[in-house]
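Worksheet: one structure, shown below.
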Ligand code: LLP
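Numbering (this note's numbering), first residue to last: 3 to 388.
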């Protein structure tokens, strides 16, 4: 099942816009659910940060998947989309009192806590309300992952989580707090990981840590959360429209030693939404430089920042040209020299007005769009709208 583009319908729509193939999203959700259900106690939470478009969230929530949030706004978006509060987890190093209070009042499942001052803040706010908050300590596993430096999060010098050596101390603090219940440990090593060895390395760290906690404190926690990170194939979106969830869940099932009854949580973002979305744009001008040809499109780095920010590769297709390939830099209209989607790329000869698709943009595309240069935020069109 590859992504479908109703090009004729696109002709009447103002560009740029994000286009989402709902059938592919649904097929992806079905696969995630089916593959996770092979194992007892596996729970998937969708990482809302990847795409918080409310209509997509509703489809995802209807699939019965929980939510992983990193702000009060995301907690609200999850609840508005119909995700039950007891399937919402809330992570992040900088949760404000307002965000914590809102989440306590909503009765979310768990706070993934990242520091002692944050633990103190949750205790105080839970005490004020006379409730007990469930928390999981986010542990920095110090596992390097094979991905871009800006999106690896599990190394010791990262701002995320508490270090391995500090965990004992942190648990001591939590145990003095009557309004907190420690229910789990949380981990996340990075994003866009295609090498299963990275997840195996994480499993080994968790196994060690679980053994240590059992030996030194007699502690077995009911929940382990391994974060997200499963990557997608930006190079071949049509050949690999649905990520290999089978191998992903099997990797955890085969390598992680869970205690009897222990529940395993996943926070998948990109792998669920990336391939069903594309940024649709028109060629505004074709410009010849001295030795380069530029396709200047009407989408810019403000609509999709991944190439400018991470040097990320996205396939770019001309949806209407059947001419032989030319070689182009595809650039946006924003007044920044980093407003470039790709350089020296072979794309069929393109004319002014041609419609192009920037592929695999369903994750961290629309969600990271901004209004620089007084540009309008990109609209979203779902296949079911047409
Ligand atoms: N859980 C935690 C704690 C996270 O920090 C993240 C992503 C996820 C789950 C979801 O990871 P995923 O399954 O999507 O890999 N903007 C970047 C990616 C940033 C990822 C941040 N954290 C990009 O466009 O590549």
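In this text, a Cβ means the ideal position worked out from N, Cα and C, and glycines have one as well.
Can you list, in chain order, the residues of its chain whose CB lies under 8 Å from that of residue 31, leaving out five sequence neighbours each side? One-based indexing of the chain shown puts residue 31 at position 29. 61, 62, 65, 67 and 274, listed in sequence order.
Tell me the residue span of the beta strand (DSSP E) that contains residue 19. For this step, residue 19 is matched to residue 17 along the chain shown. Counting along the chain, the beta strand (DSSP E) containing residue 19 begins and ends at 19-22.
Between 315, 204, 319 and 145, which has its C-alpha nearest residue 234's C-alpha? Mapped onto the chain shown, residue 234 falls at position 232. It is 315.
Does residue 278 pass the burial test, meaning 16 or more other C-beta atoms within 10 Å, or should it be called exposed? Position 276 of the chain shown, counted from the first residue, corresponds to residue 278. With 16 or more neighbouring CB atoms inside 10 Å of its own CB, residue 278 falls in the buried class.
Would you check if the region 288-302 and the region 203-215 touch, i.e. whether three or more CB-CB distances between them fall below 8 Å? no
Buried or exposed for residue 163, please, with buried defined as at least 16 other CB atoms from any protein chain shown within 10 angstroms of its CB. Working through the chain shown from its first residue, we reach residue 163 at position 161. A residue is called buried once 16 or more other Cβ atoms fall within 10 Å of its Cβ, and residue 163 is buried on that count.
Enumerate in chain order the residues of its own chain whose CB-to-CB distance from residue 388 is below 6 Å, with the five nearest sequence positions on each side excluded. Taking the first residue of the chain shown as position 1, residue 388 is located at position 386. 8 and 11, listed in sequence order.
Segment limits, alpha helix (DSSP H) that includes residue 119: Stepping through the chain shown from its first residue, residue 119 is reached at position 117. 118-131 is the span of the alpha helix (DSSP H), which, as asked, contains residue 119.
Hey, is residue 310 close to the ligand LLP, as in C-beta under 7 Å from one of its heavy atoms? The residue you call residue 310 lines up with position 308 of the chain shown. No, Cβ of residue 310 sits at least 7 Å from all heavy atoms of the ligand LLP.
Is there at least one non-hydrogen atom of the ligand LLP closer than 7 Å to the beta-carbon of residue 10? Sequence index remark: in the chain shown, residue 10 carries index 8 (1-based). No.
Smallest Cα separation from residue 377: which of 191, 348 and 305? For the purposes of this step, residue 377 is identified with residue 375 of the chain shown, where counting begins at 1. The shortest Cα separation from residue 377 among 191, 348 and 305 belongs to 305.
Output the distance between the C-alpha atoms of residue 129 and residue 74, rounded to the nearest integer angstrom. Taking the first residue of the chain shown as 1, we reach residue 129 at position 127. Taking the first residue of the chain shown as 1, we reach residue 74 at position 72. Using only the alpha carbons, I get a separation of about 19 Å.
Under the criterion of a Cβ to heavy atom distance below 7 Å, does residue 353 qualify as lining the ligand LLP? Taking the first residue of the chain shown as position 1, residue 353 is located at position 351. Answer for residue 353: no, Cβ out of range of the ligand LLP.
Residue 292, DSSP secondary structure in three states: Position 290 of the chain shown holds residue 292. Residue 292: coil per DSSP, three-state reduction.
DSSP three-state label for residue 113, please. Here residue 113 refers to the residue found at position 111 when the chain shown is read from its first residue. Correct three-state label for residue 113: strand.
Assign residue 308 to one of two classes, buried (16 or more other C-beta atoms within 10 Å of its C-beta) or exposed (fewer than that). On the chain shown, residue 308 is found 306 positions in, with the first residue counted as 1. By the neighbour-count rule (16 or more Cβ atoms within 10 Å), residue 308 is buried.
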